[in-house]
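Notes follow once the structure below has been shown.
Residue numbers (our numbering): 31 to 399.
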């Protein structure tokens with residue numbers, strides 16, 4: 031067996047088994063596909079130049095070959111560093127003839143250990159992304175193997191809370207349905223020679239409204255081809271972009287205090303910009319999606335850019351003994367939303383009058399646009 035880039039040495043044994051000398055004897059060897067002739071290591075006398083390419087016929091002039099004699103010579107080839115698709119062997123054929131027209135030939139098949147090795151790298155061109163913004167993933171694919179690859183394609187999945195945007199992506203992506211979250215998208219590359227590489231952009235638009243617990247946008251990309259590869263562990267590549275949420279208010283505190291039959295919520299701002307007002311969102315399992323807004327009307331903003339204000343809301347629907355999670359939802363005139371929290375508290379079930387004040391502000395901020 032031989033690997034691409036190695037030297038392949040043929041030992042040619044020839045002779046005259048007859049009882050009469052042969053004259054004008056010549057040995058001919060054609061340089062096989064995907065190889066080069068190398069004079070170094072070959073028996074001196076071959077008439078082709080060092081580096082002769084595939085298809086070149088090299089002749090070794092023996093001349094007189096005595097009866098009942100046997101000799102050997104060497105013919106050295108350098109296998110090319112990479113193989114075309116589906117090339118499994120180096121096929122060599124050699125022949126011998128004399129002046130009388132007699133000739134004989136032989137062939138040798140040498141297996142070649144070669145295969146593609148597709149590698150994928152994924153880079154995020156954004157340092158961060160805001161709700162409603164664009165995330166551009168740059169996919170770099172390479173064939174690090176020693177054989178050309180065919181049927182190569184990229185597979186991407188549209189991340190959660192996003193939609194595929196063809197305008198910002200490389201030309202050639204084909205997505206299921208309309209490129210919604212969870213859809214598979216394919217980019218067909220076709221053939222990829224050994225050592226070759228390329229890049230393509232896959233872009234998505236982030237939803238303008240995000241749950242407060244979503245802090246990254248990301249997905250896994252895959253490169254694949256037809257046939258076996260040297261290593262399939264490098265065919266996948268993840269990519270993520272952190273989500274940032276600019277806020278319209280500077281929140282100083284967000285607290286709650288259990289009372290006899292209600293929970294008293296307070297918050298304080300130091301500045302408010304383009305803010306319309308506030309809502310209180312509540313759940314019993316720390317999950318925003320399982321909760322609901324408990325303010326019937328928007329609590330209007332009264333602060334400005336130079337000074338904030340103090341606000342309060344009394345949750346009279348809270349039940350004793352139940353733990354509640356509260357979020358403060360700030361609404362802007364532009365339609366954007368910033369979310370703070372959650373903070374947690376409960377009305378004591380055994381002694382409703384002995385509520386212990388709770389003063390907690392968790393600076394987890396989510397902005398929706």
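Note that beta-carbon positions come from the ideal geometry of N, C-alpha and C, so glycine has one too. Because the structure is a prediction, the values reported are computed rather than measured.
Leaving aside the five residues that flank residue 352 on each side, the residues in its chain whose CB is nearer than 7 Å to its CB run, in chain order, 314, 376. Per DSSP, residue 311 is one residue of the beta strand (DSSP E) stretching across 305-313. When the Cα atoms are used, residue 68 and residue 120 turn out to be separated by approximately 15 Å. Distance check between residue 144 and each of 166, 179, 157, 127 places 179 closest, using alpha-carbon atoms only. Sixteen is the threshold: since fewer than 16 other Cβ atoms of the shown chains lie within 10 Å of the Cβ of residue 83, the residue is exposed. Looking at the backbone, the Cα of residue 142 and that of residue 125 are separated by about 23 Å.
Sorting 336, 332, 349, 350 by C-alpha distance to the C-alpha of residue 342 places 332 at the top. Under DSSP, the beta-bridge partners assigned to residue 297 are 284, 341. Of 284, 281, 115, the smallest CA-CA separation from residue 173 is found for 115. Within a 10 Å sphere around the beta-carbon of residue 255 sit 16 or more other beta-carbons, which makes this residue buried. The three-state secondary structure of residue 76, taken from DSSP, is coil. The Cβ-Cβ distance between residue 330 and residue 303 does not fall below 7 Å. Cβ-Cβ distances below 6 Å link residue 147 to 174, 175, 259, 260, 261 in the same chain, with the five nearest sequence neighbours on each side left out; the list follows chain order. The alpha-carbon separation between residue 364 and residue 164 amounts to approximately 19 Å.
Boundaries of the beta strand (DSSP E) around residue 359: 353-362. In the structure shown, the three-state DSSP call for residue 186 is strand. Per DSSP, the beta-bridge partners of residue 323 are 311. The way I'd put it, the region 202-218 doesn't touch the region 267-274; fewer than three beta-carbon pairs between them come closer than 8 Å. For residue 132, there is no enclosing beta strand (DSSP E), as DSSP gives it neither H nor E.
A Cβ-Cβ contact shorter than 7 Å links residue 109 with residue 36.
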